[in-house]
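If you read the protein sequences in the order shown, they are chains A, B, C and D. According to the numbering used here, the stretch in the first sequence is residues 1 to 277, in order. According to the numbering used here, the stretch in the second sequence is residues 1 to 277, in order. According to the numbering used here, the stretch in the third sequence is residues 1 to 277, in order. According to the numbering used here, the stretch in the fourth sequence is residues 1 to 277, in order.
Number of protein chains: 4
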Amino acid sequence: MKQFILLISSPDKKGLVYKITEILYRRELNIIKNDEFVDGENSKFFMRTVFEGEISKDELLNELEINIPAQSTISLIGEHKKSVVLLATKESHALGDILIRYDSGELNMNILGVISNYDTLRPLVEKFDIPYFHISHEGLEREAHEKEILGILQDLKAEVLVLAKYMRILSSDFVHRYQNRIINIHHSFLPAFIGANPYKQAFKRGVKIIGATAHFVNNNLDEGPIIAQDVKHIDHSYSWKDMQKVGKDVEKIVLSAALNLVLEDRVFVHGNKTVIF
Amino acid sequence: MKQFILLISSPDKKGLVYKITEILYRRELNIIKNDEFVDGENSKFFMRTVFEGEISKDELLNELEINIPAQSTISLIGEHKKSVVLLATKESHALGDILIRYDSGELNMNILGVISNYDTLRPLVEKFDIPYFHISHEGLEREAHEKEILGILQDLKAEVLVLAKYMRILSSDFVHRYQNRIINIHHSFLPAFIGANPYKQAFKRGVKIIGATAHFVNNNLDEGPIIAQDVKHIDHSYSWKDMQKVGKDVEKIVLSAALNLVLEDRVFVHGNKTVIF
Amino acid sequence: MKQFILLISSPDKKGLVYKITEILYRRELNIIKNDEFVDGENSKFFMRTVFEGEISKDELLNELEINIPAQSTISLIGEHKKSVVLLATKESHALGDILIRYDSGELNMNILGVISNYDTLRPLVEKFDIPYFHISHEGLEREAHEKEILGILQDLKAEVLVLAKYMRILSSDFVHRYQNRIINIHHSFLPAFIGANPYKQAFKRGVKIIGATAHFVNNNLDEGPIIAQDVKHIDHSYSWKDMQKVGKDVEKIVLSAALNLVLEDRVFVHGNKTVIF
Amino acid sequence: MKQFILLISSPDKKGLVYKITEILYRRELNIIKNDEFVDGENSKFFMRTVFEGEISKDELLNELEINIPAQSTISLIGEHKKSVVLLATKESHALGDILIRYDSGELNMNILGVISNYDTLRPLVEKFDIPYFHISHEGLEREAHEKEILGILQDLKAEVLVLAKYMRILSSDFVHRYQNRIINIHHSFLPAFIGANPYKQAFKRGVKIIGATAHFVNNNLDEGPIIAQDVKHIDHSYSWKDMQKVGKDVEKIVLSAALNLVLEDRVFVHGNKTVIF
Numbered sequence: 001m002k003q004f005i006l007l008i009s010s011p012d013k014k015g016l017v018y019k020i021t022e023i024l025y026r027r028e029l030n031i032i033k034n035d036e037f038v039d040g041e042n043s044k045f046f047m048r049t050v051f052e053g054e055i056s057k058d059e060l061l062n063e064l065e066i067n068i069p070a071q072s073t074i075s076l077i078g079e080h081k082k083s084v085v086l087l088a089t090k091e092s093h094a095l096g097d098i099l100i101r102y103d104s105g106e107l108n109m110n111i112l113g114v115i116s117n118y119d120t121l122r123p124l125v126e127k128f129d130i131p132y133f134h135i136s137h138e139g140l141e142r143e144a145h146e147k148e149i150l151g152i153l154q155d156l157k158a159e160v161l162v163l164a165k166y167m168r169i170l171s172s173d174f175v176h177r178y179q180n181r182i183i184n185i186h187h188s189f190l191p192a193f194i195g196a197n198p199y200k201q202a203f204k205r206g207v208k209i210i211g212a213t214a215h216f217v218n219n220n221l222d223e224g225p226i227i228a229q230d231v232k233h234i235d236h237s238y239s240w241k242d243m244q245k246v247g248k249d250v251e252k253i254v255l256s257a258a259l260n261l262v263l264e265d266r267v268f269v270h271g272n273k274t275v276i277f
Numbered sequence: 001m002k003q004f005i006l007l008i009s010s011p012d013k014k015g016l017v018y019k020i021t022e023i024l025y026r027r028e029l030n031i032i033k034n035d036e037f038v039d040g041e042n043s044k045f046f047m048r049t050v051f052e053g054e055i056s057k058d059e060l061l062n063e064l065e066i067n068i069p070a071q072s073t074i075s076l077i078g079e080h081k082k083s084v085v086l087l088a089t090k091e092s093h094a095l096g097d098i099l100i101r102y103d104s105g106e107l108n109m110n111i112l113g114v115i116s117n118y119d120t121l122r123p124l125v126e127k128f129d130i131p132y133f134h135i136s137h138e139g140l141e142r143e144a145h146e147k148e149i150l151g152i153l154q155d156l157k158a159e160v161l162v163l164a165k166y167m168r169i170l171s172s173d174f175v176h177r178y179q180n181r182i183i184n185i186h187h188s189f190l191p192a193f194i195g196a197n198p199y200k201q202a203f204k205r206g207v208k209i210i211g212a213t214a215h216f217v218n219n220n221l222d223e224g225p226i227i228a229q230d231v232k233h234i235d236h237s238y239s240w241k242d243m244q245k246v247g248k249d250v251e252k253i254v255l256s257a258a259l260n261l262v263l264e265d266r267v268f269v270h271g272n273k274t275v276i277f
Numbered sequence: 001m002k003q004f005i006l007l008i009s010s011p012d013k014k015g016l017v018y019k020i021t022e023i024l025y026r027r028e029l030n031i032i033k034n035d036e037f038v039d040g041e042n043s044k045f046f047m048r049t050v051f052e053g054e055i056s057k058d059e060l061l062n063e064l065e066i067n068i069p070a071q072s073t074i075s076l077i078g079e080h081k082k083s084v085v086l087l088a089t090k091e092s093h094a095l096g097d098i099l100i101r102y103d104s105g106e107l108n109m110n111i112l113g114v115i116s117n118y119d120t121l122r123p124l125v126e127k128f129d130i131p132y133f134h135i136s137h138e139g140l141e142r143e144a145h146e147k148e149i150l151g152i153l154q155d156l157k158a159e160v161l162v163l164a165k166y167m168r169i170l171s172s173d174f175v176h177r178y179q180n181r182i183i184n185i186h187h188s189f190l191p192a193f194i195g196a197n198p199y200k201q202a203f204k205r206g207v208k209i210i211g212a213t214a215h216f217v218n219n220n221l222d223e224g225p226i227i228a229q230d231v232k233h234i235d236h237s238y239s240w241k242d243m244q245k246v247g248k249d250v251e252k253i254v255l256s257a258a259l260n261l262v263l264e265d266r267v268f269v270h271g272n273k274t275v276i277f
Numbered sequence: 001m002k003q004f005i006l007l008i009s010s011p012d013k014k015g016l017v018y019k020i021t022e023i024l025y026r027r028e029l030n031i032i033k034n035d036e037f038v039d040g041e042n043s044k045f046f047m048r049t050v051f052e053g054e055i056s057k058d059e060l061l062n063e064l065e066i067n068i069p070a071q072s073t074i075s076l077i078g079e080h081k082k083s084v085v086l087l088a089t090k091e092s093h094a095l096g097d098i099l100i101r102y103d104s105g106e107l108n109m110n111i112l113g114v115i116s117n118y119d120t121l122r123p124l125v126e127k128f129d130i131p132y133f134h135i136s137h138e139g140l141e142r143e144a145h146e147k148e149i150l151g152i153l154q155d156l157k158a159e160v161l162v163l164a165k166y167m168r169i170l171s172s173d174f175v176h177r178y179q180n181r182i183i184n185i186h187h188s189f190l191p192a193f194i195g196a197n198p199y200k201q202a203f204k205r206g207v208k209i210i211g212a213t214a215h216f217v218n219n220n221l222d223e224g225p226i227i228a229q230d231v232k233h234i235d236h237s238y239s240w241k242d243m244q245k246v247g248k249d250v251e252k253i254v255l256s257a258a259l260n261l262v263l264e265d266r267v268f269v270h271g272n273k274t275v276i277f
């Protein structure tokens, strides 16, 4: 039997769960997993339902639209591998972790290519028979550089972008085109150590824990909706390079976990936050 | 408006969420929080719903019973502080943590008393104006000792028992009378180091992490349904006494967390496991 | 046999460990535990040695002073319970955790008293037969209020101050008098969420982890040397009050751990950081 | 300047640190890092010293041997990449993580080859230009199968073996030849869930945390000295396959961490435990 994921975000209203599950029940669809969350403060309702059965997507969407508040957002997703492009600079740990998981079949996606402003990572990427696009930023304005990248993304028909330690700031315009579809890994426990060289900042501050944060990219650097975070205990004996070394493990695990959540359609963006089922 | 918690565990069936939420919707009850889980392997459905509104408890229960499978278990809980008795031996950390939280109003319960087989903890308990019952086990068979304790529990009308480092094994008969209502803290990451002296066992084995486990007590020592667990990293420099010292922090936090989950009616017992919302 | 702790911080120089251990060896002192750390960047050496034996403190200190660099700091500590004063406002969890540990004999100190700008916590503190000083800040300038507190601290001969959720900022002058002897608990994972209402800030930012930081107080609010930090995973379903509730557990464990490290003379302050053995 | 690591384990005796550091001081060697540990119970001393300078290895070892107790073990290691052979079966996550780290230059070793009882992982391994040896166990007694593997190991001159999810039990004889040089990853938080299918066991027991353990292999399955452990929180909604999926992340991080500790000569084996600096 076919499996579908239904995602609804909506103004909160009495009876929403009842109305939605009634529609599924009348169509004899079998709910496998159901999660809801109500943000009481903002009176907002979120629901993710995994169900099995035979449907006409258009009919089901129509019926849902009629029965729930007008300002709702509804998505109905069948079995689908998302098309992903990875962007990187020179560091390999986050990129490599995704490639090796992808190679093992662990991540439900198609990697269309890797784009980098250096040629450093080509040998790694080509091991996995994935196209590598070296788009140097040298001598180019940001706009011109991004234009080249956007050209490739459009040719490849990318749905999701992963910044696997891509060390350049994206313009508002770029971000806007892939709203809530660009995942970045920041090498600190945000909002601590925003900006450049977080491990050096952490070393200077003398923290006893370091962390990493995967988030969607929005216009404000390092301020997009957080998807996943994790940390590691350290002590005074760690140089900033030691911090960076153990930090890389946290970064790669957190980025791959966030990517997996997005690929499984578990993440709602809600203002500057995420709701994750 | 009054707030209620509805707990349903039931054989799984298509349409259960729909039927239950319909009943609540028709009565104009306002769902604040709703959680469901289906154990597919055992075809078992669990639901916990927090709602507000005016109800006749009997009528609502009746209507629910008619509309969901016969073998279901339904509880409808209004605002209610559970009556709790604590059992301890000589160690104060787990007991003290509960007392201090209770004193601050953090735990939604009434402590009816503390029972111990030693008199050691009396000064601590009496600081909080809580009755202390010293029931020595010296010279008594298990049965006779338990009989005295059971007498007190019945007089006090205890609903939930917390073994805050009560270092004696309870008989089947005792456990049976408080089925799924006795919470124990075991000072290891179960099922590692079942039985006596887990820190000494952990030291001998040279583990790099120690833990604690809060669980309901059943007939098999240390094998009841697990409610909460946590751990702490250690290294070779820890003696077993050092392990015990840091372990106490894990124990008290885990036991208080498990107690809180039970007081908030978040825990279903499902065979030898728990489902926790 | 008597036990001593020797603390040395010094400009780094070849042969320091050799020279210091030679002095101890010639006096037939038995080293039980020895830790060293060299901050290579700042060429600074730290050593903490626990040893047993019979000594003349003055002679040993003299010999050490002659044999290691002039700018060194040497402390030799015999068995000594530090005299501690706790400051609090209205919240009881951090204070309560210290009191209950103190009562159980777990913390090697004497609590001389608790000072608060409210009378709220008096019943809790007096349960433990500890003097409670209510010094209201109402109608007083900071200076006048602190003067009253300083008077009490001087009368009590306080060595270490613990701000167990004392919600007022201390003046430079106050801090200066107890340089590196005031331990504060900040209810966030510093340097994230400096300042007021960190849980509200964390909620607004949508973080997936919350934390707490124990640090020495210096002139810059929330910027003193960090002693201990820990964190807890949360998710979108946590209101800021839920965050605060689970955060309290992290706060109390972290503050008590930091206090214990200070009481055991394990913490060196090194610029704006700590070295902890 | 050349860098060396000096490892000493010895019966404990007064003055050992002094005597060893004196020898290094007289030779004008510069200590960069120094760690000691005394196991008081067994009266055993461990020391790891990193130093720089010009030495005659034989002369230094001679002088050390004369000055410390006869039953000591002394190693003096110059710059050296260990020669490593990986053994695997069919699962790629642990192996892949080591390969990708190796490829990035993160691990200080030479991988001589990968041996597997299946041919499944050949494409992955050959991406990295590492020899792959498929030694099927089909139709072979354990002894005959191991003989083939031992032949390869001897040809390759392997110093350290890593069982990256090698799902076969090694004979005593095999283990004996690589005493304390075989690192295994066990997919549970040992000593919980010894033996086969730990995730199924963990699922059945209803634990709230899963873990992984890297350890040296000795004659008793899953009972060798533990090098590293880590855990991950889970809940009732995890099937055993979900546990396995998140468990793989813990496994790979723990195994790579343990391997790194061994490659940096930080691990002493001490009876059935490890001392790690």
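Cβ coordinates follow ideal geometry from the N, Cα and C atoms, glycine included.
Going by CA-CA distance only, name the one from the options that's closest to residue i.
| i | options | result |
| --- | --- | --- |
| D/P123 | A/D119, A/Y118, A/D129, A/Q179 | A/D129 |
| B/E79 | B/F4, B/D242, B/G105, B/K241 | B/F4 |
| D/K14 | C/N30, C/K19, C/S9 | C/N30 |
Please say whether residue j and residue i have beta carbons closer to each other than 8 Å?
| i | j | result |
| --- | --- | --- |
| C/T89 | C/M1 | no |
| C/K81 | C/N108 | yes |
| C/L95 | C/L76 | no |
| A/S256 | A/E159 | no |
| B/I253 | C/I66 | no |
| B/L221 | B/V162 | no |
| D/F46 | D/F268 | yes |
| A/R266 | A/R48 | yes |
| D/I115 | D/I169 | no |
Using DSSP with H/G/I as helix, E/B as strand and the rest coil, what is residue i?
| i | result |
| --- | --- |
| A/P11 | strand |
| B/I135 | coil |
| C/I98 | helix |
| C/L163 | strand |
| B/E251 | helix |
| A/V246 | helix |
Chain B partners of residue i, CB-CB under 9 Å?
| i | result |
| --- | --- |
| A/N30 | K14 |
Looking at the strands, I want to know which residues DSSP matches up with residue i.
| i | result |
| --- | --- |
| D/Y238 | Answer by DSSP bridge pairing: none, since D/Y238 is not bridged. |
| B/N276 | In the sequence under discussion, the amino acid at residue 276 of chain B is Ile, which differs from the Asn named in the question. B/V267. |
| B/E143 | Answer is none; B/E143 lacks a bridge partner. |
| D/I115 | D/L87, D/F133 |
| B/T213 | B/H186, B/Q229 |
| D/I77 | D/I5 |
Closer than 7 Å by beta-carbon distance: list the chain D residues that pair up with residue i, in chain order.
| i | result |
| --- | --- |
| B/Q229 | V207, K208, I209 |
Residue i versus chain C: which residues are under 8 Å apart at the beta carbon?
| i | result |
| --- | --- |
| A/V85 | Within chain C, no residue comes near A/V85; the closest Cβ sits about 25 Å away, beyond 8 Å. |
Within the present structure, is the beta-carbon of residue i separated from the nearest heavy atom of the ligand MG by less than 7 Å?
| i | result |
| --- | --- |
| C/G247 | In terms of ligand content, the structure shown is empty, and the ligand MG therefore cannot be addressed. |
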